[in-house]
Amino acid sequence: PANIADRHDEYSMVRQIRRWQTGLKNRRPAPLLLVLTHIDLLRPLREWQPPYPIDPPETPKAMSIYNALMTAVEQLKIAPEDTVPVCLLEGQQYNIDDALWASIIARQDDAEKARYLRCLNQRRKEENWSLLWTQLRNSGRLLKAPLSR
Numbered sequence: 045p046a047n048i049a050d051r052h053d054e055y056s057m058v059r060q061i062r063r064w065q066t067g068l069k070n071r072r073p074a075p076l077l078l079v080l081t082h083i084d085l086l087r088p089l090r091e092w093q094p095p096y097p098i099d100p101p102e103t104p105k106a107m108s109i110y111n112a113l114m115t116a117v118e119q120l121k122i123a124p125e126d127t128v129p130v131c132l133l134e135g136q137q138y139n140i141d142d143a144l145w146a147s148i149i150a151r152q153d154d155a156e157k158a159r160y161l162r163c164l165n166q167r168r169k170e171e172n173w174s175l176l177w178t179q180l181r182n183s184g185r186l187l188k189a190p191l192s193r
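Quick note, in my numbering, the sequence shown goes up one by one and the last residue is 193.
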């Protein structure tokens, strides 16, 4: 949430995800996207006249959104281009259909590559076990043939 200053839990979660991804050798890390919610609750509270361009911010609300985004970026160590501010409040939804979906689609190729590599590695493991069992069966046949003569 953009309106909560304490991001300790989010920072711990992001750090844990990154540590897990770093530990996965021979695997491409999946893309990470931060969705900053509750931007409607930033000051000025009564102002809600989207759109809010934040580069550069043109209104006090846009400046609040920009400051919250940059604070989250700094605290969570996530690139600004990997962060999307949204409002999820029914009737006031903002930045979901355009910015959020565009960000997800822009990262889809990287996510697919990560998934394909993960599936490929899993398939190789299965093939290796299958090949090993086939080789063991065949070696048993080869050993059995000279003994039966």
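All residues carry an ideal CB built from backbone N, CA and C; glycine is no exception.
Out of curiosity, what's the CA-to-CA distance linking Pro-171 and Ala-123? Before going further, note that residue 171 is Glu rather than Pro in the sequence given. Cα to Cα, Glu-171 sits roughly 39 angstroms from Ala-123.
**Prompt:** Taking the runs of the beta strand (DSSP E) that are 3 residues or longer, which of them lie wholly in the segment 62-117?
**Reply:** Within the segment 62-117, the complete beta strand (DSSP E) runs of at least 3 residues are 78-80.
How about the segment 82-92 and the segment 62-69: do they share at least three Cβ pairs that are nearer than 8 angstroms?
-> no
Can you tell me whether DSSP reads Pro-129 as helix, strand or coil? strand
Spatial distance of Asn-47 from Pro-94 (CA atoms): Looking at the two C-alpha atoms, the distance is approximately 17 angstroms.
Exercise. Who are the Cβ neighbours of Gln-137 in its own chain at under 8 angstroms, not counting the five residues just before and after it?
Worked result: Closer than 8 angstroms at Cβ, skipping near neighbours: Val-130 and Cys-131.
Practice item. Quick one: using the 10 Å Cβ neighbour count with 16 as the cut-off for buried, is Lys-157 buried or exposed? Key: exposed
Opposing strand residues paired with Tyr-138 [DSSP bridges]:
Cys-131
Checklist entry - Quick one: Cα of Met-57 to Cα of Lys-105, how far? => result 28 angstroms
_Counted within 10 angstroms of its Cβ, other Cβ atoms place Thr-178 as buried (16 or more) or exposed_ = exposed
In terms of alpha-carbon separation, which member of Ala-49, Asp-50, Leu-76 and His-52 lies closest to Ile-61? Leu-76
Original post:
Any C-beta of chain C sitting closer than 7 angstroms to the C-beta of Arg-51?
Top reply: Absent from the structure: chain C. Only one protein chain is present.
- Message: For the alpha helix (DSSP H) containing Ala-146, name the first residue and the last one.
- Response: 145-150
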